[in-house]
Structures are given as structure tokens and as C-alpha cells.
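Number of protein chains: 2
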Amino acid sequence: MGNTHLADSSSVQSVDRALAILEILAQRGESGVTEIAADLGVHKSTASRLMGALLNRGLVDQVSDRGRYRLGLGLVRLAGNVTSSLDAVSGSRAITRALATEVGETVNIAVLDNNRVLYVDQVVGPSMVSMRSWLGQSVPTHCTATGKVLTAWLDKPERIAARPATWKKLAPNTITSVDALEKELEQVRKQGFAVANQEMEADFMAIAAPIRDEHDEVTAALVISGPASRIKAKDFDALGHIVKLSASKLSGNPNYWRE
Amino acid sequence: MGNTHLADSSSVQSVDRALAILEILAQRGESGVTEIAADLGVHKSTASRLMGALLNRGLVDQVSDRGRYRLGLGLVRLAGNVTSSLDAVSGSRAITRALATEVGETVNIAVLDNNRVLYVDQVVGPSMVSMRSWLGQSVPTHCTATGKVLTAWLDKPERIAARPATWKKLAPNTITSVDALEKELEQVRKQGFAVANQEMEADFMAIAAPIRDEHDEVTAALVISGPASRIKAKDFDALGHIVKLSASKLSGNPNYWRE
DNA sequence: CATAATGTTGCGCAATGGGCAACACTCATT
DNA sequence: AATGAGTGTTGCCCATTGCGCAACATTATG
Chain A
1 MGNTHLADSS SVQSVDRALA ILEILAQRGE SGVTEIAADL GVHKSTASRL
51 MGALLNRGLV DQVSDRGRYR LGLGLVRLAG NVTSSLDAVS GSRAITRALA
101 TEVGETVNIA VLDNNRVLYV DQVVGPSMVS MRSWLGQSVP THCTATGKVL
151 TAWLDKPERI AARPATWKKL APNTITSVDA LEKELEQVRK QGFAVANQEM
201 EADFMAIAAP IRDEHDEVTA ALVISGPASR IKAKDFDALG HIVKLSASKL
251 SGNPNYWRE
Chain B
1 MGNTHLADSS SVQSVDRALA ILEILAQRGE SGVTEIAADL GVHKSTASRL
51 MGALLNRGLV DQVSDRGRYR LGLGLVRLAG NVTSSLDAVS GSRAITRALA
101 TEVGETVNIA VLDNNRVLYV DQVVGPSMVS MRSWLGQSVP THCTATGKVL
151 TAWLDKPERI AARPATWKKL APNTITSVDA LEKELEQVRK QGFAVANQEM
201 EADFMAIAAP IRDEHDEVTA ALVISGPASR IKAKDFDALG HIVKLSASKL
251 SGNPNYWRE
């Protein structure tokens, strides 16, 4: 998909500023007009007017009658349009649901978004334990099974560009060096699937396989995830093959997931 | 939530035009610059530049290198931010998951969005039959259990404003008159839950109950849905009470779902 | 080949975006 | 109670930039 903010080829400054507000609110959660104005480097009256335009279209909501702002449900409506058209075109939902039922865990489809992974589809498994929603989440590449699958087959320069900005240790097994990551990606290419074993969050496991287009390019990742108490080392191989099989059913078609 | 497009109080014209493009693409699926320009009443060079700003921020994608445009995955990322912050604040996920497991069907939370219903959360039930995703979908109020619950307790003028633009018969049992709808909403108020029995789609059933804030105002609807082969008339009452119980667990708090 | 249709981009004018300043409102302090 | 600080909104007016014209590039068709 497009970069978060390219050089301003063929753009409109005021529109770009308004869309920058959305990014700021995505990071901040909620914010006041004066704070946003400082972030944008504009006067607060300008920030207020730009915010007004976003408010009028439901892309932001006011936290109270007069005051702080946050991202609005209008975005959910628009994003629902994106994901349902993906479902309609790719026919992926039947396959992901079958996989979720077969392995009993949550299933996602994810794409590469610059040097991050974006989760664009989700089927929650039937397990009773409350798991967070990954849909629409953006995570680093190096500590996720999806990130490994999405980067393992990239050429070297692209693979370098997809590395994380920081090698922060997020969980007990987080990979924190280039050498270790390259060795892991070699293993992914050999196995045809990736495992993230408590690398992004303690107690959180994931196994992912690549979805490929008609030219055999990796376009998305199919992943199952759950707690370490249910996904054990002795099962990685069998589960990896099951995920690969489902991913292959999603493969061979034009790139629906557009990056 | 905010209206789709208010009178332009405190707004910026070019930003509003760019956001109008998002709405057009949501309706159209994909579109060329010239078509969008005609819709907006601007020159195609203007439409191209507005589109460029949306493209730079990932809110639209190009279908090919040079040509048609559609809504982009950047919207999924932003919407994911909205829904995960709703989960975090409301703690609704545990309750909706438990309900999905208990009744074996898909569970959603929905809000009133002008005279439409917007689905803002979803847990898919463990059933094997492939069901569509409701998350982010916008549907009419009169033929959905959620729409009935969200409008039943409104004052008369607001209830009138929430009626559908057209009374098109969408399925075998679609309500197609004001009198029939008012009678149905009276029944909903009496029962405390709503049933949609093949009213929006043939073979599709739903049962919904209201989620209320600390002032007992209805702020969202909790709904279970599935095919008519699994949700039968003899079970409406029992299921209605189960959904009411779960909705009451989500009630009594400030309005997380913001309308 | 020519033509039609589409999307992109340089240029320059004037419409509107944006800063200034005033206002409205809330909250905290004395 | 009054005052001050901080915030968001809005009228006014100037100058920046949005936008239409026109040229160009690309693709598809006959």
C-alpha cells in the first residue's frame, strides 16, 4: 500500500494537514485543538477549522460538546467498506473460517505496510479466553510470524527497508539483532512458514504462511494465533503445514490485498 | 456520531471535497478521476490533486499504476485504532465472546448513525456456515433488530428522523409502512428486545437488545444473528432474554459508543 | 496511422485558507 | 465574589495556495 506520507507529489496542502490530524489522533488517542496546532505548526484557528471539516464528515468525534477530539466511527464505516469488498473479491472468508474452526484459534490475514504489518481480516477462534482484536492493528515485522513471512522472500534492499526502527525487546524471545533475524528468515524460507514464540508479547504464539499471487510473489500472510498454553512447540510443525495448506488455497490469484 | 455532512460551519472547502471523495468511493467501489470530478463539480485536475493527497496518506489506493482509485488500507489501520480503543475502554469483548459461545451465533454491537445502523464490533460464532462480516457495515433501521432497538425508545421526532429514506421490500417480511413499524417498536419497548425475522435478507434472523448508559439512554445495540435454520420462532423469547442479560452487563456506564 | 478518453502537471489568477484578534467558556486561585 | 489562565470558536482581511486552463503522456480502439 502507499506510504504513510510521500513527498508531496500532486497534493493539496490543506487536505494533507487535515489527514495528518487523523494520524496524530491515531497516536494520541485524543487531543485538543491547541496541541494539534502545535504538532502541525499552524495557528490554533487553522487547526480548529481543519478539525471542523473532519468532524462534519464523521472522521473525528468530539469527546464532549466542546473540547477534545478523537477518531470517529465514520472511519469504521469506511474501513468496513474496504474489508467487505476484499471478502467479496477474494472469497477468503470461507477459508479463514474453516481454518479457525480446524485449529480452534484466531485467524488473520495481514499485509506489509512499509516496515510494519497491518492486519486486514480476522476470524476469532472459538476459544473462550478473551483475545484482543488484531483487525486494523499495525505491528513491527521482526517479532511477528506475519512480519517474518511478509519479509522472508523480499530482495535484500527491501528486506532491509522492512526492518524495525528500533530493536526493542518486547517479550522473552524478541529477536534483537540483524544476524538473528536473517537466520530466522532463512529458516522461514526453508520451512515455508514462520513461528513467533512469545516474541511480541509474553505468552502469545503465532504461526503464519505466505499467500502468493499468480506470479508467486508474497502478497499477504495468513496467521493463526493464541496463547502459549494452547499452541505448543510439539505442534508447530503440524500447525505450520495446516496454515500453509490454507494459505495455498488463497494463493495463485491477482493481489487482492494491494501493497 | 456526527452527521455525514453538516452545513459547512467552521470547515475548509478543499478538505471537505477530499473527504467527499472517500464517500463517493465507498458507494462506487472504484472510480476514475474524471468521474469523481463530475460528481464534485470541479475540474479533473482538481480532483486529481485531491486524490493525490488521499493517496499519499494511504486513504485511497490506485487499482493500477495509473488509473482508477478505490478506498485504501490506511482506513483499516485508522479504524482498527478506533475499535481497539473501544474494546479497551468498554471491556465489551469478554461479554460478546461469552455470548457468541453461549448461543453459537455471531454477535455484534451497533450504533445509530443518522437514519442508519453502523456495526462497530463483531465476534463470529463457532458455526461452520460462512456468514458475512458486519463490522463497519451500514444498514437501514426499519428492517434490522439493531435498528429497532436503537430507535424504539427515541422521542417521536427523532424516531421519525431515523426512518428509512425508502420503504423498499428487501426480504419476505420487510416492514414497509409507518404504522407497522410503530406497532413493532411498541412491541420492542414492551419486550425489551427486538427480532428481525427475514426482514433485511431472506433466511437471515437477528435478535437484539439495548445497551444503556448511566442515565438509561440507549447508546448501542447488542445483537446475535444467524440463519433461519438455526434461529427458530420457538426460541425467540429465550434468546431475547439471554441477549438482554448480556446487554445489561454492558449497560450503566458512560456512552463509549458516542453518537 | 488518427482519434478518443483518461490521468498528470506547469502556469498564473483570484478564491479561499489561514493568521490576527476578539470572544465565549471553563476551571482554579485568591 | 473577582481575576487570571487556558482552551476552543469565529469574524475579518490579506496573501498564499487551490483550482481551472491547457498542454502533455498514456492507453485503447478503429
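So the sequences go chain by chain: A and B.
For the first sequence, the UniProt record's numbering assigns the number 1 to the initial residue and increments by one for each residue that follows.
For the second sequence, the UniProt record's numbering assigns the number 1 to the initial residue and increments by one for each residue that follows.
Glycine is no exception: its CB is placed at the ideal position from the N, C-alpha and C atoms.
Predicted model only: the values in this text are computed from it and were never measured.
* Kindly confirm or deny that the stretch 38-51 of chain A and the stretch 39-58 of chain B touch, where touching means at least three C-beta pairs closer than 8 Å. => Taking a cut-off of 8 Å on C-beta distances, the stretch 38-51 of chain A does not touch the stretch 39-58 of chain B, as fewer than three cross pairs fall below it.
* His142 (chain B) classed as buried or exposed, judged by whether at least 16 other C-beta atoms fall within 10 angstroms -> In the second sequence, the residue the question calls residue 142 (chain B) occupies position 142. His142 (chain B) should be labelled buried.
* Can you name, in chain order, every residue of its own chain whose Cβ lies under 6 Å from the Cβ of Asp203 (chain B), other than the five neighbours on each side? -> Indexing the second sequence from 1 puts residue 203 (chain B) at position 203. Shown here for Asp203 (chain B): same chain residues with a beta carbon closer than 6 Å to its own, the five before and five after excluded, namely Pro227 and Ala228 in chain order.
* Burial state of Ala220 (chain B) (16 or more Cβ within 10 Å) -> Along the second sequence, one-based indexing puts residue 220 (chain B) at 220. Buried, because 16 or more other Cβ atoms sit within 10 Å of the Cβ of Ala220 (chain B).
* Going straight from the alpha carbon of Gly136 (chain A) to that of Met200 (chain A), what length do you get? -> Counted from its first residue, the first sequence places residue 136 (chain A) at position 136. Counted from its first residue, the first sequence places residue 200 (chain A) at position 200. Those two C-alpha atoms are separated by around 17 Å.
* Measuring CA to CA, which of A:Asn108, A:Ala165 and A:Trp167 is closest to Ala208 (chain A)? -> Within the first sequence, residue 208 (chain A) is the residue found at index 208, counting from 1. When A:Asn108, A:Ala165 and A:Trp167 are compared, the shortest CA-CA separation from Ala208 (chain A) is found for A:Asn108.
* Anything in the stretch 68-90 of chain A with a Cβ closer than 8 Å to a Cβ of chain B? List those residues in chain order, please. => Those residues of the stretch 68-90 of chain A that come within reach of chain B (Cβ to Cβ, closer than 8 Å) are Arg70, Leu71, Gly72, Leu73, Gly74, Leu75, Val76, Arg77, Leu78, Ala79, Gly80, Asn81, Val82, Thr83, Ser84, Ser85 and Asp87.
* What is the rounded straight-line gap between the Cα of Glu105 (chain A) and the Cα of Ala98 (chain A)? -> For the purposes of this step, residue 105 (chain A) is identified with residue 105 of the first sequence, where counting begins at 1. For the purposes of this step, residue 98 (chain A) is identified with residue 98 of the first sequence, where counting begins at 1. Approximately 11 Å, taken between the alpha carbons.
* Counting only the same chain and skipping the five closest in sequence on each side, list residues whose C-beta sits under 7 Å from that of Trp134 (chain B). => Reading the second sequence from its first residue, position 134 is the one you call residue 134 (chain B). Correct list, in chain order: Asn108, Tyr119 and Gln122.
* Asked: Between Thr146 (chain A) and Val117 (chain A), is the Cβ-Cβ spacing less than 8 Å?
  -> For the purposes of this step, residue 146 (chain A) is identified with residue 146 of the first sequence, where counting begins at 1. For the purposes of this step, residue 117 (chain A) is identified with residue 117 of the first sequence, where counting begins at 1. Their beta carbons are under 8 Å apart, which means Thr146 (chain A) touches Val117 (chain A) by this criterion.
* **Asp16 (chain B) at chain A interface by Cβ criterion, 8 Å** => Along the second sequence, one-based indexing puts residue 16 (chain B) at 16. Yes, Asp16 (chain B) lies at the interface with chain A (some Cβ there is under 8 Å from its Cβ).
* Flag this pair as touching only if the stretch 16-33 of chain A and the stretch 232-251 of chain A have three or more C-beta atom pairs under 8 Å; answer yes or no. => Here the stretch 16-33 of chain A does not lie against the stretch 232-251 of chain A, with fewer than 3 beta-carbon pairs under 8 Å apart.
* Closest Cβ-Cβ distance between Gly52 (chain B) and chain A: below 8 Å? -> Reading the second sequence from its first residue, position 52 is the one you call residue 52 (chain B). Under the 8 Å criterion on CB atoms, Gly52 (chain B) is classed as interfacial with respect to chain A.
* Asked: Any chance the stretch 147-159 of chain A sits against the stretch 181-189 of chain A, with 3 or more Cβ pairs inside 8 Å?
  -> Contact holds: three or more Cβ-Cβ distances are below 8 Å.
* Asked: Along chain A, which residues have their Cβ under 9 Å away from the Cβ of Gln137 (chain B)?
  -> As a working note, residue 137 (chain B) is residue 137 in the second sequence. Chain A residues near Gln137 (chain B): Arg77, Gly80, Asn81 and Ser84.
* Between Ser10 (chain B) and chain A, is there a C-beta pair that is closer than 8 Å? -> Position 10 of the second sequence holds residue 10 (chain B). Nearest CB-CB separation between Ser10 (chain B) and chain A: below the 8 Å threshold.
* Asked: So, does the CB of Met128 (chain B) fall closer than 8 Å to a CB anywhere in chain A?
  -> Walking along the second sequence from the start, residue 128 (chain B) turns up at place 128. Only weak support is given to the placement of Met128 (chain B): the predicted model assigns it a pLDDT of 49, under 50, and the value that follows is read from those uncertain coordinates. Taking Cβ atoms only, chain A reaches closer than 8 Å to Met128 (chain B), which makes this a yes.
* **Simplified DSSP assignment, three categories, for Asp87 (chain A)** => Counting from one through the first sequence, the residue named residue 87 (chain A) turns up at place 87. Here Asp87 (chain A) sits in helix by DSSP.
* Would Gly67 (chain A) be called buried (16 or more neighbouring beta carbons within 10 Å of its own) or exposed? -> The residue you call residue 67 (chain A) lines up with position 67 of the first sequence. Within 10 angstroms of the beta-carbon of Gly67 (chain A) lie fewer than 16 other beta-carbons, which makes it exposed.
* Could one say the Cβ of Val149 (chain A) lies closer than 8 Å to chain B's Cβ atoms, at least one of them? -> For the purposes of this step, residue 149 (chain A) is taken as residue 149 along the first sequence, with counting starting at 1. The beta carbon of Val149 (chain A) does not come within 8 Å of any beta carbon belonging to chain B, so the residue lies off that interface.
* Check the Cβ-Cβ distances between Gly192 (chain A) and every residue of chain B, and say whether any is below 8 Å. => Residue 192 (chain A) sits at position 192 when you count from the first residue of the first sequence. No - not a single Cβ of chain B is within 8 Å of the one on Gly192 (chain A).
* Taking all protein chains shown into account, decide if Ala140 (chain A) is buried (16 or more other Cβ within 10 angstroms of its Cβ) or exposed. => The residue labelled residue 140 (chain A) in the question sits at position 140 within the first sequence. Correcting the residue type first, residue 140 (chain A) is Pro in the shown sequence and not Ala. By the neighbour-count rule (16 or more Cβ atoms within 10 Å), Pro140 (chain A) is buried.
* Report yes if the C-beta distance between Ala247 (chain A) and Ile211 (chain A) is below 8 Å; otherwise report no. => Here residue 247 (chain A) refers to the residue found at position 247 when the first sequence is read from its first residue. Here residue 211 (chain A) refers to the residue found at position 211 when the first sequence is read from its first residue. Going by C-beta atoms, Ala247 (chain A) is nearer than 8 Å to Ile211 (chain A).
* Could you name the residues of the stretch 233-248 of chain A whose beta carbon sits closer than 7 Å to any beta carbon of chain B, in the order they occur along the chain? => Listed in sequence order: no entries.
* **Contiguous alpha helix (DSSP H) assignments of at least 4 residues, all confined to the stretch 43-77 of chain B** => Taking 4 residues as the minimum length, the alpha helix (DSSP H) runs contained wholly in the stretch 43-77 of chain B are 44-56, in order along the chain.
* So, is Ile160 (chain A) buried or exposed, given that buried needs 16 or more other C-beta atoms within 10 angstroms? -> The sequence position of residue 160 (chain A) within the first sequence is 160, counting from 1. The residue in question, Ile160 (chain A), is exposed, as its Cβ has fewer than 16 Cβ neighbours within 10 Å.
* Asked: At a Cβ cut of 7 Å, what residues of the stretch 19-42 of chain A count as close to chain B, listed as they run along the chain?
  -> Look at the stretch 19-42 of chain A: the residues with a C-beta under 7 Å from a C-beta of chain B are Leu19, Leu22, Ala26 and Gly29.
* Asked: Over what stretch of residues does the alpha helix (DSSP H) that includes Thr151 (chain A) continue unbroken?
  -> For the purposes of this step, residue 151 (chain A) is identified with residue 151 of the first sequence, where counting begins at 1. Element bounds for Thr151 (chain A): Ala145 to Ala152.
* Quick one: list the residues of chain A neighbouring Ser133 (chain B), beta-carbon separation under 8 Å, in chain order. => Locating residue 133 (chain B) in the second sequence gives position 133, counting from the first residue. Those within 8 Å of Ser133 (chain B) in chain A are Gly80, Thr83, Ser84, Asp87 and Arg93.
* To do: With DSSP as the reference, label Pro140 (chain B) as helix, strand or coil.
  => Sequence index remark: in the second sequence, residue 140 (chain B) carries index 140 (1-based). Look at Pro140 (chain B) here: in three-state DSSP terms it is strand.
* Asked: Would you call Ala162 (chain B) buried or exposed, if buried means 16 or more other Cβ atoms sit within 10 Å of its Cβ?
  -> Position 162 of the second sequence, counted from the first residue, corresponds to residue 162 (chain B). By the C-beta density criterion, Ala162 (chain B) is buried, having at least 16 other C-beta atoms within 10 angstroms.
* To do: In angstroms with no decimal places, state the Cα-to-Cα distance between Ala88 (chain B) and Asn81 (chain B).
  => Mapped onto the second sequence, residue 88 (chain B) falls at position 88. Mapped onto the second sequence, residue 81 (chain B) falls at position 81. Going from the Cα of Ala88 (chain B) to the Cα of Asn81 (chain B) covers about 11 Å.
* Three-state secondary structure (DSSP) of Val178 (chain A) -> Numbered from its first residue, the first sequence carries residue 178 (chain A) at position 178. Shown here, Val178 (chain A) sits in a helix according to DSSP, grouped into three states.
* Asked: Is the CB of Met1 (chain B) under 8 Å away from at least one CB in chain A?
  -> In the second sequence, counting from the first residue as 1, residue 1 (chain B) sits at position 1. Here Met1 (chain B) scores only 36 on pLDDT, less than 50, and its place in the model is too uncertain to base an answer on.
* **Outcome for Asp113 (chain A) when other beta-carbon atoms lying within 10 angstroms are tallied against a minimum of 16** => Within the first sequence, the letter at position 113 stands for residue 113 (chain A). With a threshold of 16 other beta carbon atoms within 10 Å, Asp113 (chain A) meets it and is buried.
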